[in-house]
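Notes for the one structure printed next.
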Ligand SMILES: Nc1ncnc2c1ncn2[C@@H]1O[C@H](COP(=O)(O)OP(=O)(O)OP(=O)(O)O)[C@@H](O)[C@H]1O
Ligand SMILES: [Mg+2]
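Chains as they are written, first to last, in the working numbering: chain W, 1 to 259; chain Y, 1 to 299.
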């Protein structure tokens, strides 16, 4: 694994190219570039307020970059709109929970399958309960894969935070994305759950690329192939976990403070 | 014994009040549907329903039967409301400086003026396929007629249909998701824009049913026929919670019954006054329920 930015190929899933974002006088991101390739698990880390979620928001079209561009080379999109992402094979979970509070856990996961081929708008008008059986079964199996199938009938407001985070991951996975963006998916999980969750993400490698924001270093370090470290909106280091761990700038800006 | 109950004055009032109450609930349901979808309080809901009711029911002048006329009203109601969303409301979502409520109040005035010009202010009385003479029990009138039974049945049937649509179909799931969290829904590939239009369309169709049912009341079909109902529907929606279709129905029935009891035991002039007092009390007790939600209207 090299510590220089990976050269973009047509199979690259996501590419942020010299992105800068300013909110008024605040430079949330400055000249940020990185990419994610198929089969790769990339960790995006940095102290609170470093700009990790903003990077996600730019990638999803929620925030327009002041400079630079976002590309999804595989689907040929530049600066995609949020509504284009699902069809381009990108799924994202939000920091916090982000589930539909007026829908059950199962319904939330079913709602994640809307972009798949065959899920056409007008035919879905006829989507009466029995026609939903297959989708329901699939949603249940995805919930099961994440170990939260027992909560299928509950409302999101009635379940623990760690469970809700995993439901959100299930909702992203049912879309069968080729790129998965996870914003702090592991918060609220205990030790045993963390291990199982890391195992699950490793298992996704054969199907997709994963970009992961996470604060828990014990979780991230053994999991990811590559790290991008942000501090005050700038990329201060990239590389494998062991390379990053020895990087003096990182130790000063981040690890030194945190550990 | 049963005859006594069926012809008892209070029971009669409750029955008659329920017949009006479910219609109030229906009007409230329109408001709730539009509110849930787009966070807009549609002040033109009443005139929009009135307008499409005219379009359908005046077909009876051209020998259409009642059911055909009603179906035309409902279909036009759907299309008119969906078009209103596309043409007038959608362009305002991203313009914080123009409040859709103001625009809808303008639409209220416009539609009533046009209706007066086209159909005059003289009420029309569409011939109902049901008698309005109350059922008798052992020679005494009960509180219900075939007509009011039909009105209650139609209103409840529509509400049940809407509840099934929203809670048990994949379309309903998407409608709920888009209304609650449009940004997240877009990320999942849900066509939020179309669904919000559809939400308005459904509200328009429900409004047309309310209009048709109300046009069979003694007041008949007139340009301002839904003004009072709209205020009551608004109160019902506010009391029931703007996000709760069931709350809209229940409080609609309660208001209908209370009004009927005031009419019967006190003075019919006071009924409207009590409605206004209720409105004021609601606005005082739940200003946040109505106005802070305004400020989180989709932008
Ligand atoms: N929409 C916005 N408007 C103004 N400022 C914003 C906005 N979004 C983020 N910011 C600011 O940009 C900076 C980066 O925020 P961001 O949420 O991206 O950080 P983060 O790395 O995700 O932090 P955390 O670890 O706390 O989630 C912060 O100072 C934040 O206050
Ligand atoms: Mg964040």
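C-beta: ideal position from N, C-alpha, C; glycine also.
By the C-beta criterion, the stretch 203 to 214 of chain Y is judged to be in contact with the stretch 42 to 56 of chain Y, since at least 3 inter-stretch pairs fall below 8 Å. For residue 232/Y, there are no neighbours in chain W by C-beta distance under 9 Å, as the nearest C-beta there is about 26 Å away. The distance from the Cβ of residue 74/W to that of residue 173/W is about 18 Å, inconsistent with a contact at the 8 Å cut-off.
Going by DSSP, residue 239/Y is part of the alpha helix (DSSP H) stretching over 227 to 240.
For residue 236/W, the enclosing beta strand (DSSP E) stretches over residues 234 to 239. DSSP places residue 183/W within a strand segment (E or B) once states are collapsed to three.
Every unbroken stretch of the alpha helix (DSSP H) spanning 4 or more residues and falling wholly within the stretch 70 to 106 of chain W is given here in chain order: 82 to 85. Contact check for residue 101/W and residue 30/W: beta-carbon distance about 36 Å, past the 8 Å limit, so the pair fails to qualify. In this structure, residue 277/Y has its CB at a distance of at least 7 Å from all heavy atoms of ligand 2. Linking residue 191/Y to residue 247/W through their CA atoms gives a straight-line distance of about 45 Å. Taking a beta-carbon distance threshold of 8 Å, residue 184/W does not count as an interface residue toward chain Y. From the listed residues 270/Y, 223/Y, 200/Y, 263/Y, the smallest Cα separation to residue 88/Y is found for 200/Y. Relative to residue 87/W, the option among 205/W, 237/W, 238/W, 179/W whose CA is nearest is 179/W.
Here the distance from the Cβ of residue 52/W to the nearest heavy atom of ligand 2 is below 7 Å.
Within chain Y, the C-beta atoms nearer than 7 Å to that of residue 102/W come from 176, 180, in chain order. For residue 154/Y, the CB contacts under 6 Å within the same chain, skipping 5 residues up- and downstream, are 213 in chain order.
When beta bridges are read from the DSSP output, residue 34/W appears opposite 16/W. With a cut-off of 8 Å on Cβ pairs, the stretch 132 to 142 of chain W is in contact with the stretch 105 to 116 of chain W, counting three or more such pairs. Among the residues facing chain Y, residue 115/W is included, as its CB has a counterpart in that chain under 8 Å away. Contact between residue 103/Y and residue 92/Y holds, since their C-beta atoms are separated by about 7 Å, short of 8 Å. A Cβ-Cβ contact shorter than 8 Å links residue 165/Y with residue 171/Y. If you check the C-beta of residue 183/W against ligand 2, you find a heavy atom less than 7 Å away. Here residue 85/Y has 197, 200 as same chain residues with Cβ atoms under 6 Å from its own Cβ, once five neighbours each way along the sequence are excluded.
Three or more beta-carbon pairs separated by less than 8 Å link the stretch 92 to 108 of chain W to the stretch 150 to 165 of chain W, which places the two stretches in contact. Residue state for residue 63/W is assigned as coil, using DSSP reduced to three classes.
If you check the C-beta of residue 217/Y against ligand 1, you find no heavy atom less than 7 Å away. Excluding five sequence positions before and after residue 146/Y, the CB atoms of its chain that fall closer than 7 Å to its own CB belong to 130, 131, given in chain order.
At a cut-off of 8 Å between C-beta atoms, residue 177/W does not count as an interface residue with respect to chain Y. In this structure, ligand 1 has no non-hydrogen atom nearer than 7 Å to the beta-carbon of residue 216/W. Within the chosen limit of 7 Å, ligand 1 does not reach the beta carbon of residue 128/Y with any heavy atom. Proximity of the beta carbon of residue 32/W to ligand 2 is not indicated: no heavy atom of the ligand is located closer than 7 Å. Within the same chain, 24, 25, 28, 248, 251, 252, 255 come within 7 Å of residue 236/Y by CB-CB distance, once the 5 residues on both sides are set aside. At a threshold of 7 Å, residue 45/Y does not count as near ligand 2, since its beta carbon sits no closer than that to any of the ligand's heavy atoms. Per DSSP, reduced to three states, the secondary structure at residue 45/W is strand. The Cβ of residue 132/W sits closer than 8 Å to at least one Cβ of chain Y.
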